[in-house]
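Counting along the sequence shown from 1, when you hit position 63 you're at 363 in this note's numbering, and nothing is skipped either side.
Glycine residues also receive a C-beta, built at the ideal position from the N, C-alpha and C atoms.
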Amino acid sequence: MIVCKFGGTSVQDAAAIGRLVEIVRDRLEERPLLVVSALAGVTDELLGIARLPSGSDEPASRIAALVRRHEEAARQLPGAEAALDDISSEAESLVRELAALAGRRITPREIDAIAARGELWSSRLITAALAGGDVPVEWVDVRPIMVTDDRFGRATPYVQVLNSRARQHLCPILECGVVPVTQGFIGATATGVPTTFGRGGSDFSASLLGAALRASRVEIWTDVDGLMTADPRVVPSAKTLAVASYEEAAELATFGARVLHPATAVPLVREGIPIIVLNSRRPDHPGTTIEPSAEVERLGDSPIRSISWKKGITVINIRAPRMLGAYGFLRQLFEIFERHEVVVDVLASSEVSVSLTIEDPSHLDLVRRELEDLGEIWIDEGRAIVAVVGIGLKTTPGLTARVFGAVKHTCVEVISQGASAINMTFIVQEADGPDVVRRLHQEFFGTC
Ligand code: ADP
Ligand code: ASP
Ligand code: MG
């Protein structure tokens, strides 16, 4: 069997869903399982609605507009209107839930229950569209399968439970030659409370299910030709990588290549299941194959494979003269981040100072207060991480000089290389990010 995951833009309207139907029809013999995202923009809108001030009367009209989007798509797809009753009744229950929340602050648990609606609606619509196109299909609620802990907004799956539930629920459907259609991004606790994996989490759902069912491959259908030498929105001339390793894909995704969720490869490593990133607008394009033994192709003579960047980064600098020659300091430092569950991305340290970056500043004040006991703290907001990923980074003489020569007009703040043999990261002002990526692309790939 294979897993086919369709992202938001690949299900955004009737035309996109029509293309999906054809892609699935072409793969019926391979027994596909479909994992779908919400229609493009729907998760953003649901999160916007969840954050409205308590007592606002906007939710009902904004939810009605989301339902209309699904209705418009359904009207243009033969048979798809069959999904509309379910979508409307789920939307009505959402309006009631939101009304019941009036007068108090919304919790992460409630936000997840709201955000989960996008995938529930899209999967119903797509199931009906496939049925209308004579594809044998069955809608599957992923929540009893995808059992997670209760860290709402960034849940962790219980892999053994999900493996056995996935086999129990999905194998009988696949064995009958029927295509199960289920939701990405969402799961539920053991007691059935909805959770989510965080933004872009549908890729992770697809690979978890692919590993559970020992799929022969996981296809990630999106709006670009594959993993590219840079984000094509920043570098329009970026080229598609024919192959990449799990490690390269993970590094690129961690540092901003949104095309894949950073955890996508993790469940697939043990079985060595390949991921293929494909363009749903150009299904004949071979895309990028991500696999453990990826043969390195040379893109021209460049030792670099790709450049990514991520904005919205905060740099925390700690200067502590007592760190000099002392032991246990870094442990104390990281315990503070651990206590407040703050993820650190990039780290650089000297004799008496440490700089590190975080993406989510929601616990920054708490962290800062405790860090002040360790030394002098200063915080730089509005920064971006730039990551240069390539196989020969450590072994190619002069490479660092080329990287920093290419961006010599930019103020580079924190540099980190070494922990990973394939990645060099540095921090710049957020506004400089796109220009830095273009200059690096020009240096290593000759175009920008
Ligand atoms: P989906 O909705 O299919 O999950 P996403 O919007 O999450 O799609 O990811 C696709 C986008 O990722 C592309 O439109 C592209 O702008 C962006 N992107 C960023 N970096 C890269 C890269 N290195 N290669 C390909 N796409 C990239
Ligand atoms: N719909 C979710 C999001 O927009 C998950 C996904 O698309 O992967 O983040
Ligand atoms: Mg995505």
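- Taken through DSSP and simplified to helix, strand or coil, SER354 comes out as coil.
- Applying a distance threshold of 5 Å between residue Cβ atoms and the heavy atoms of ligand 3 selects GLY307, GLY500, given in chain order.
- The alpha-carbon separation between GLY526 and PRO532 amounts to approximately 10 Å.
- Collapsing the DSSP output to three states places VAL736 in a helix.
- At least 8 Å separates the beta-carbon of ILE727 from that of ARG668.
- Put simply, of ILE486, ALA402, ALA315, ALA380 the residue whose alpha carbon is nearest the alpha carbon of SER354 is ALA402.
- With a beta-carbon spacing of about 6 Å, LEU462 and ALA512 fall inside the 8 Å limit used to define contacts.
- With respect to VAL615, SER655 sits close: the two C-beta atoms are nearer than 8 Å.
- For ALA563 against ILE575, the beta-carbon gap comes to about 12 Å, at or over 8 Å, which does not count as contact.
- Spatial neighbours of ASP735 in its own chain (CB-CB distance under 8 Å, excluding positions within 5 residues in sequence) are listed in chain order as THR710.
- The alpha-carbon separation between VAL712 and VAL479 amounts to approximately 50 Å.
- Counting along the chain, the unbroken alpha helix (DSSP H) around LEU664 starts and ends at 664-671.
- When DSSP reads this structure, GLU438 sits in a beta bridge with PRO480.
- Under the three-state reduction of DSSP, PHE306 is assigned to strand.
- The C-beta of ARG396 has fewer than 16 other C-beta atoms within 10 Å across all chains shown, which makes the residue exposed.
- Around the beta carbon of LYS708, fewer than 16 other beta carbons sit within 10 angstroms, so the residue counts as exposed.
- Residue ranges of uninterrupted beta strand (DSSP E) with 3 or more members, entirely inside the stretch 548-627 and ordered along the chain, are 575-579, 588-590, 604-619.
- If you check the CB distance, LEU541 and THR588 come in under 8 Å.
- By the C-beta criterion, the stretch 436-447 is judged not to be in contact with the stretch 352-370, since fewer than 3 inter-stretch pairs fall below 8 Å.
- Inside the stretch 355-391, DSSP marks no whole beta strand (DSSP E) run of 3 or more residues.
- Its chain contains GLY379, ALA382, VAL437 as the residues whose beta carbon lies nearer than 8 Å to that of ALA431, once the 5 sequence neighbours on both sides are disregarded; these appear in chain order.
- Looking from the CA of ALA550, the closest CA among ALA488, THR491, GLY690 belongs to GLY690.
- Restricting attention to SER388, ARG417, ALA429, the CA atom closest to the CA of GLN376 is found in ALA429.
- Taken through DSSP and simplified to helix, strand or coil, ALA490 comes out as coil.
- For the 8 Å CB-CB criterion, GLU419 and ILE486 form a contact.
- For GLY432, the secondary structure class from DSSP, reduced to helix, strand or coil, is helix.
- Beta-carbon to beta-carbon, PRO494 and ASP412 are separated by about 5 Å, close enough to satisfy the 8 Å threshold.
- Here GLY628 is exposed: its Cβ has fewer than 16 other Cβ atoms, across all protein chains shown, within 10 Å.
- Ligand 1 approaches PRO532 closely enough that one of its heavy atoms is under 7 Å from the residue's Cβ.
- At a cut-off of 7 Å, the beta-carbon of GLY484 counts as near ligand 2: some heavy atom of the ligand is closer than that.
- By the C-beta criterion, the stretch 343-354 is judged not to be in contact with the stretch 313-324, since fewer than 3 inter-stretch pairs fall below 8 Å.
- Beyond the five residues adjoining it in sequence on each side, ARG424 comes within less than 7 Å, by CB distance, of ALA383, ASP386, ILE387, TRP439 in the same chain, given in chain order.
- ILE520 carries a strand assignment under DSSP once its states are collapsed to helix, strand and coil.
- Straight-line measurement puts the Cα of ASN617 at about 10 Å from the Cα of GLY675.
- For ASP326, the uninterrupted alpha helix (DSSP H) run begins and ends at 314-326, by DSSP.
- Straight-line measurement puts the Cα of VAL644 at about 8 Å from the Cα of PHE637.
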